[in-house]
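Read through the structure below, which is laid out as structure tokens, and then see the notes.
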Amino acid sequence: MGALRQLTVTQQVGLLFVIIFGLLAIVTGLAFARSLRELSPEMAELTERFRRELRAVWIGTVLFWVAWASGAFIATLLFALMSFLALREFITLTHTRRGDHRALLAAFFVVLPAQYFLAGTRHFDLFTVFIPVYAFAALPILAALGNDATRFLERTAKIQWGTMVCIYGMSHAPALLLLDFEGYQERGAFLVLYLVLVVACAQGVQALASRRVRALPVARHIDRQFSWRAFIIGALGGGLVGGLLYWITPFKPAQALLIGFIASGCGTLGSLVMQALKRDAGVRRWGNRASVTGAVGLLDRVAPLAFAAPVFFHSVRWYFDA
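For the sequence shown, counting from 1, position 231 maps to 238 in our numbering; every step adds exactly one.
Below, the structure is given as structure tokens:
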């Protein structure tokens, strides 16, 4: 592993993408071979769900490669577009009224661009408080000016939640690209890749453990498959992947394992929170094919990252005083 750290940034990224695309090609081939068999209806449904998730991983990996090849500016724009689509998906499937239009316009066309501008220009001190402090106060004011008190608290809370998850949480991913500290200049893309791989692996291991390990569900009315055993197994799986990827990070192996465990836990719990929001909204899957958003479940896929990215970003920045 020490020899891998001696490679140039371009060589390390090239090696990583060769490994990732190679693994994806193998998994895709195995999935295709399995689809040729005659399956029971239940297994056919699981196989179709796996194919959808695999397709999403392919798209995400290609987008990440394009973002890395294009530079931090294009990567920031891509994440901003993802935030826009995710927020649109969230708002479309929640209850709003005409009086919310001012607040919604501000969230989409003022708060979102401002947050990503602060990230792109590395104004991290203001970046970290802009939405929790200033947008938190401004959005309810704009909603109140709409002169509609019907379910005001509920409507305002939904807009603020959507803003926090879809904009604030997601914006920390491109902010990682721009973190520079001694001995780790221009390597922020590795932190993003590390976070994405750790969270994705934790989700996969947790889902597998939920089916294989018998345990009482913690929140039966929200997610019947979520249990503390599966959660711990998933977080440990993500932490182990993080430890193995220490060579692309500024961390030592033990540090990479610990921070991978923390990020994995945050991502998995974030997914549980979004499950609760889905139940409340009365939808099975955000952005399903019948939805007008056209995002096809984008929130399902970005929610773990949106919850894990802020914790990961601030942990790294605090530890290295970046």
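Glycine included, C-beta positions come from ideal geometry on N, C-alpha and C. As the structure is a computational prediction, the values presented were derived from the model and not from experiment.
Per DSSP, the beta-bridge partners of A226 are D230. Inter-residue distance for R109 and L312 is about 28 angstroms (C-alpha atoms, whole angstroms).
Between G176 and A316, the C-beta gap is smaller than 8 angstroms, which places the two residues in contact. The residue from A79, R219, L183 and R95 with its alpha-carbon nearest to that of T256 is L183. Nearest neighbour of R236 by Cα position, chosen from L223, P260 and L279, turns out to be L223. Here DSSP, grouped into helix, strand and coil, assigns A156 to coil. Considering only L37, I269, I229 and L100, the residue with the shortest C-alpha distance to G250 is I269.
A contact is defined here as three or more CB-CB pairs under 8 angstroms, and the stretch 137–146 fails this definition with respect to the stretch 33–50. In the same chain as S234, and ignoring 5 residues on each side of it, the C-beta atoms closer than 8 angstroms to its own belong to S217, V220, A222, L223, P224 and V225, in chain order. DSSP places F188 outside both helix and strand once states are collapsed to three, so it counts as coil. Nearest Cα to F320 within the set C273, H102 and Q232: C273. Contact annotation: A114 and I148 have beta-carbon atoms that are not nearer than 8 angstroms. Approximately 5 angstroms separates the beta-carbon atoms of S178 and A126; this is inside 8 angstroms, confirming the contact. A direct Cα-Cα distance of roughly 10 angstroms separates I240 from L247.
Here DSSP, grouped into helix, strand and coil, assigns V220 to coil.
For the 8 angstroms CB-CB criterion, S90 and L119 form a contact. Measuring C-alpha to C-alpha distances from R158 to each of T103, R286 and L185 identifies T103 as the nearest.
Counting every other CB atom within 10 Å of its CB across the protein chains shown gives G267 a total of 16 or more, marking it as buried.
Rounded to whole angstroms, the separation of the alpha carbons of V172 and K285 is 14 angstroms.
DSSP places H130 in the coil class of the three-state scheme, outside both helix and strand. Taken through DSSP and simplified to helix, strand or coil, E55 comes out as helix. Between G277 and L152, the alpha-carbon positions lie close to 32 angstroms from each other. If you look at S47, you'll find it isn't in any alpha helix (DSSP H); DSSP assigns it neither H nor E. C-alpha of F327 to C-alpha of E189: approximately 8 angstroms in a straight line.
Counting the other Cβ atoms within 10 Å of the Cβ of R41 gives fewer than 16, which makes it exposed. If you draw a straight line from the Cα of L85 to the Cα of V73, it is about 10 angstroms long. Excluding the 5 residues flanking it on each side, L204 has same chain C-beta neighbours closer than 7 angstroms at V248 and L252, in chain order. About 7 angstroms separates the beta carbon of T170 from that of L146, a gap short enough to meet the 8 angstroms contact definition. H179 sits in a helix when the DSSP states are folded into three classes. Close CB contacts of T54 within its chain, under the 8 angstroms cut and outside five residues either way in sequence, are with A38, R41, S42 and L46 (chain order). With respect to the C-alpha of I27, the residue from R308, V64 and R58 having the closest C-alpha is V64. Here A196 really is in contact with W75; their C-beta atoms are around 5 angstroms apart, less than 8 angstroms.
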